[in-house]
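Here the structure is laid out as structure tokens; the discussion comes afterwards.
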């Protein structure tokens, strides 16, 4: 059996968890939480990081920090995970769904401007598969309309936007950005997330929202002499054991990334020579690095994709499709404004993700490729 | 140094975490999550349990499940942790604060009925220090007005309401109940919580809200053939490593409870003989068991309490006060209806919690008592 994903363990997770327990502080904001936050800030040039229990929770913090409220509109791609929209729906926002690009599942940067109204309070971009949205034109539109950008960087750790011979980490463009450390991600802690606060003016309030609406963080720094309820918020902090696990992954990120990118490139090499394999290969635009988060194929349609999934499963390989478009979901279809979003549906119907995880071998990739070639010989 | 709290480790936490990792499923709803939920259901007669990342999150799930919305009123004690109110504030509710009893920090059951209006959508009770609110008269009022009761049982694990020669676990009265496994609690996982769903009609929707508004739980049980966005929700599931930690605690609950109750009784024994110690001892009403969660003294006023805290700290003992009344908080004071809540302020000003944790020794308790007696000899 070749599973779709297998969470990678770097080797020091239990050692660090054990140390966190020995330190006697395993609730939130302990030693490893601070270590993870500091290392992330230093590694990627993020202004301030706060670990959260999930990427969903990081997005909720972003929605609260921007005071998103009923009547507000938020522009979000339709081809994304539920949480991207859910965090803003919880604040009562109306979601204005944007379509994907024709050549890539990421949001169509050129199609955003005509969705902006007087009520637009945020634009949320998703760096699908860790591949950058074209941030310069996008930020130009957002800045011109003075609308804050939030990056849903759930899949985008250690990926960069390239421009003018520079590179800038994904997650460092938005006023706020959210990362995921779910076990399906490159770097993981089972469940977990992180909010990045790039606007210094939002840091103090972010800490309060993180700590159940209390000024507890200031209290522990000795800035106030007792702490109390000063704002909205929730319990967004993960246990320090979760942070300890994550720290063992963060310090091995170079090794993890090398392995994943090698595997990704090997898939490309195999499929580029597969003449009769009727698939389209993923595009890495010239303005983005590839962080090896996901390898996907585009099939000709939903039926052939379904048959290929069944064929692979019969041979012990788990390949999976991805999102159902959110504008067509049971929950949102009647709230959507009715616009057709053809590329969102295109990627929903035709995209197939292949197994990609640290322990996957070149031999297993060879086998997966052979199974897919055989499928196309008969179909 | 005698800290106020020291998280207890039972010995098998790392073994179970290691096993969870070896199972290859460390995101939410894995092996140990199911074990913890099943054991809790069996131990306390709860209909259905769902682990959450915190008690705050369990309360948020309760507020979402009851469709609490702007315009609704929720009755909540003022002398409680911020989260009790915050979870309902996040749904837009107006909080109607209730006072404590004169003899105990718990909500005054007799003062609730006159707070009920046409807009009241929930009554939230807090079993302070693990001591039961008088549930029979409270439920009679709530049922007569057809208002659902939610138990904030954060501190109330393995505590019972006693009536008619029966005992019934706290957390099994409310339509929904919330427990905390924060490191300050009897049974802990650093951060953590649990929602109890006692109304079978709410279980299916609770699972959806837990899983980011998707019907993923039904999908994995084979009840639907794909899963999608069907409702509101959030990412309320803890990583299975958190559940593994918690399971190591849950299976040792008898040992933990015996130790804590012994320590609690020893404090009582010491202070009952302390003639010149000008304190009031905690009351355990005849309708409640004592789960040894907290030992507190009532001082004569805020000044003497502050001087006693300083005296103890100077001798290496950390004793701490508890909540500031929520109706007087920076966040809520202007939203409060202006009623005076004298007993809430009474307990806020005069209550002092003494160290109580598994590793505390009788000798250390003797020392703490002696320090307090000495303080009163000079003050």
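Residue numbers (this note's numbering), protein chains in the order written: chain A, 246 to 624; chain B, 246 to 624. Quick reminder that beta carbons are idealized off the backbone N, C-alpha and C, glycines included. Please read all numbers here as calculations on a predicted model, not as lab measurements.
By the criterion of Cβ-Cβ separation under 7 Å, what are the contact partners of residue i in chain A?
i	result
residue 474 (chain B)	327, 571, 574, 575, 576, 577
residue 334 (chain B)	477
residue 322 (chain B)	Correct list: empty, because the minimum Cβ distance to chain A is about 14 Å.
residue 305 (chain B)	479
residue 317 (chain B)	Correct list: empty, because the minimum Cβ distance to chain A is about 14 Å.
Give the secondary structure of residue i by DSSP, where H, G and I count as helix, E and B as strand, and everything else as coil.
i	result
residue 355 (chain B)	helix
residue 459 (chain B)	strand
residue 322 (chain B)	strand
residue 539 (chain B)	coil
residue 327 (chain A)	helix
residue 335 (chain B)	coil
residue 345 (chain B)	strand
residue 618 (chain A)	helix
residue 367 (chain A)	strand
residue 584 (chain A)	coil
residue 571 (chain B)	helix
residue 605 (chain A)	coil
residue 563 (chain B)	coil
residue 453 (chain A)	helix
residue 360 (chain A)	helix
residue 544 (chain A)	coil
residue 613 (chain A)	helix
Within the continuous alpha helix (DSSP H) that includes residue i, where are the two ends?
i	result
residue 246 (chain A)	Residue 246 (chain A) -> no alpha helix (DSSP H), and no H or E assigned at all.
residue 588 (chain B)	587-595
residue 559 (chain B)	547-559
residue 259 (chain A)	258-268
In chain A, which residues lie with their C-beta within 8 Å of the C-beta of residue i?
i	result
residue 254 (chain B)	266
residue 251 (chain B)	269
Quick one: which chain B residues come within Cβ less than 7 Å of residue i?
i	result
residue 490 (chain A)	486
residue 458 (chain A)	327, 331, 576
residue 482 (chain A)	436
residue 273 (chain A)	436
residue 299 (chain A)	480
residue 611 (chain A)	Under the 7 Å cutoff, chain B gives no residues; its nearest Cβ is about 23 Å from residue 611 (chain A).
residue 548 (chain A)	Chain B residues near residue 548 (chain A): none, gap ~15 Å exceeds 7 Å.
Against residue i, what residues of chain B qualify as contacts under a CB-to-CB distance less than 8 Å, listed in chain order?
i	result
residue 262 (chain A)	259, 262, 486
residue 594 (chain A)	In chain order: nothing, as chain B lies at least about 12 Å away.
residue 520 (chain A)	The premise fails here: residue 520 (chain A) is roughly 33 Å from chain B at the closest Cβ pair, so nothing lies under 8 Å.
With residue i as the anchor, note down where its beta strand (DSSP E) starts and where it stops.
i	result
residue 438 (chain A)	438-442
How many whole angstroms separate the CB atoms of residue i and residue j, which I take to be in contact at a CB cut-off of 8 Å?
i	j	result
residue 443 (chain B)	residue 419 (chain B)	6 Å
residue 541 (chain A)	residue 596 (chain A)	5 Å
residue 328 (chain B)	residue 342 (chain B)	So it is not a contact: roughly 15 Å between Cβ atoms.
residue 265 (chain A)	residue 277 (chain A)	5 Å
residue 539 (chain A)	residue 601 (chain A)	6 Å
residue 309 (chain A)	residue 365 (chain A)	The Cβ separation is near 18 Å, so there is no contact.
residue 350 (chain B)	residue 516 (chain B)	Wrong, their Cβ atoms sit about 18 Å apart, outside the cutoff.
residue 406 (chain B)	residue 451 (chain B)	About 24 Å separates the two Cβ atoms, so there is no contact after all.
Would you mind telling me which residues of chain A sit closer than 9 Å to residue i, beta carbon to beta carbon, in chain order?
i	result
residue 312 (chain B)	Going along chain A, no residue has its Cβ under 9 Å from residue 312 (chain B), so there is no contact; the nearest lies around 13 Å.
residue 500 (chain B)	Residues of chain A passing the Cβ test: none, with the nearest at roughly 18 Å.
For residue i, go through chain B and note every residue whose CB falls closer than 9 Å to its CB, in chain order.
i	result
residue 344 (chain A)	Residues of chain B passing the Cβ test: none, with the nearest at roughly 18 Å.
residue 582 (chain A)	Result: empty, since nearest Cβ-Cβ is about 17 Å, beyond 9 Å.
(message) For a minimum of 3 consecutive residues, which ranges assigned as the beta strand (DSSP E) are wholly contained in the segment 281-314 of chain B?
(response) 293-297
(message) Short of 9 Å Cβ to Cβ, which residues in the segment 427-453 of chain A face chain C?
(response) Judged by its chain identifiers, the structure shown contains no chain C, and its protein chains are A and B.
(message) Quick check for students: name the residue ranges of the alpha helix (DSSP H) that lie wholly in the segment 464-535 of chain A, counting only runs of 4 or more.
(response) 485-495, 498-517
(message) Quick check on the DSSP output: what are the complete beta strand (DSSP E) runs of length 3 or more inside the segment 384-425 of chain A, in order along the chain?
(response) 394-397, 405-408, 411-414, 421-425
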